[in-house]
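Written out below as structure tokens is the structure these notes cover.
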Amino acid sequence: MTEKPLISIEALARRYPRHGGGETTVFEDVWLPIAKGEFICLIGHSGCGKTTILNVLAGLDQPSAGVVIVDGREIAGPSLDRAVIFQGHSLLPWMSVMGNVAFAVNSRRPDWSKDRVRAHCQKYIDVVHLTGSEHKKPAELSGGMKQRVGIARALAIEPKMLLMDEPFSALDALTRGSLQDEVRRICTETEQTVFMITHDVDEAMLLADKIVLMTNGPHAKIAEIVENTLPKDRSRTNIHKHANYYALRNHLLDFLVTRSKAFTAESGANGYDPKKPPIVRPGARPVAVETGPPEPGHAVSA
Ligand SMILES: Nc1ncnc2c1ncn2[C@@H]1O[C@H](COP(=O)(O)OP(=O)(O)OP(=O)(O)O)[C@@H](O)[C@H]1O
Ligand SMILES: [Mg+2]
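In the UniProt record's numbering, the protein residues as written are 1 to 302.
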């Protein structure tokens with residue numbers, strides 16, 4: 001990456017006291033630059049520290065070591081610059097759809113007039129296809145609709161960075177699919193910078209520009225950064241027809257099934273540097289080789 005990143009995760013670690021003395025290191029030496037407008041998906045097994053990293057990015061948790069720099073400044077606590085979409089949507093139950101979105105926008109833009117806030121909120125309510133439901137309370141909405149209000153609210157704040165922790169995992173397949181499409185469209189159109197956790201390889205392939213793979217904990221690290229080698233104009237209905245689809249999918253699955261466990265041994269042999277995890281482009285023609293020989297069919301560069 002040549003231009004200065006919008007967000008820079010540097011030497012991040014999180015440790016907890018262990019029962020009976022000592023410490024457990026959940027993850028350590030996590031380095032990741034995120035460029036403006038980039039859509040990053042973080043994948044790794046349960047317990048490797050994904051939510052903890054997202055909470056540090058949100059300013060809701062403190063790392064044991066390392067820093068997160070946003071726009072040249074170290075993160076110190078939560079900010080409306082970084083909006084979080086939690087799995088459990090967390091809407092205010094006594095407020096309408098419009099009220100929930102407007103509440104967030106009012107906090108971000110205290111100087112805006114009531115009409116301006118309303119028009120702004122309406123735009124995002126329309127974007128998530130909730131037009132006509134503005135007056136409804138959360139209890140009157142389905143799970144997917146509530147999740148969409150959460151997404152509208154986060155987008156309406158127009159944050160520098162959108163943080164999402166498995167935002168679609170509790171939804172049925174149909175709702176999940178259409179919301180993935182909407183989020184992809186909105187984030188592409190608005191050049192939104194996104195950091196999202198998912199367990200779903202197909203979701204990551206559809207949404208992400210880069211898929212960050214974490215090894216299993218304890219002492220989890222970023223094993224590699226996989227660049228999405230599918231075309232920008234991909235959609236759920238055509239993604240599997242692309243020549244790189246299986247190379248990319250198999251690479252991600254192979255990591256989750258086998259390599260995430262064995263990574264320590266693997267990294268020792270390849271001169272792995274956590275500060276510059278290898279960048280992999282499954283299916284693409286080789287671009288540059290710096291960190292050892294590429295795997296068959298995969299291009300590797302650092
Ligand atoms: N307050 C705490 N005290 C001790 N250990 C903790 C605490 N909070 C989290 N942990 C541990 O940190 C590790 C990482 O937790 P985290 O929730 O970040 O994992 P995750 O990768 O998001 O997992 P999942 O995929 O299941 O959501 C877990 O092993 C968890 O037990
Ligand atoms: Mg988690």
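Glycine included, C-beta positions come from ideal geometry on N, C-alpha and C.
K232 - DSSP class collapsed to helix/strand/coil: coil
Given the structure, does V68 come close to ligand 3, in the sense that its CB is under 7 angstroms from one of the ligand's heavy atoms? As presented, the structure is devoid of ligand 3, carrying ligand 1 and ligand 2 as its sole ligands.
Would you grab the beta carbon distance between A104 and R153 for me? Rounded to a whole angstrom, and I think it's under 8 angstroms. 5 angstroms
What are the boundary residues of the alpha helix (DSSP H) that includes K241? Per DSSP, K241 is not a residue of any alpha helix (DSSP H), being assigned neither H nor E.
Indicate whether A220 and V68 have their beta-carbon atoms separated by less than 8 angstroms. no
My output table needs one value for P294: the three-state DSSP class, helix, strand or coil. In this prediction, P294 scores a pLDDT of 48, lower than 50, which makes its location untrustworthy; the coordinate-derived value is nonetheless stated afterwards. Here P294 sits in coil by DSSP.
Can you tell me whether E182 is helix, strand or coil according to DSSP? Of the three classes helix, strand and coil, the one that applies to E182 here is helix, per DSSP.
Boundaries (first-last residue) of the alpha helix (DSSP H) holding E206: Inspection of the sequence shows that residue 206 is occupied by Leu rather than by Glu. Looking at the DSSP string, the run of the alpha helix (DSSP H) that includes L206 is V201 to L207.
Alpha carbons only, please: which of P231, S235, P277 and I197 is nearest the one belonging to G47? I197
First through last residue of the beta strand (DSSP E) which encompasses residue 341: Because the chain here runs from 1 to 302, residue 341 falls outside it and cannot be looked at.
Quick one: is L57 buried, meaning 16 or more other Cβ sit within 10 Å of its Cβ, or exposed? Buried, because 16 or more other Cβ atoms sit within 10 Å of the Cβ of L57.
Between G21 and ligand 1, is there a pair consisting of the residue's CB and a ligand heavy atom that are separated by less than 7 angstroms? no
Within its chain, find whatever has a CB closer than 6 angstroms to the CB of V257; leave out the 5 residues flanking it on each side and keep chain order. none
Closest to T52 by C-alpha separation, out of K137, V117, L163 and R18, would be which residue? L163
Could you tell me if the beta carbon of V26 falls within a distance shorter than 7 angstroms of some heavy atom in ligand 1? yes
Since T193 sits in a beta bridge, which residues does DSSP pair it with? Beta-bridge partners of T193 (DSSP): M161.
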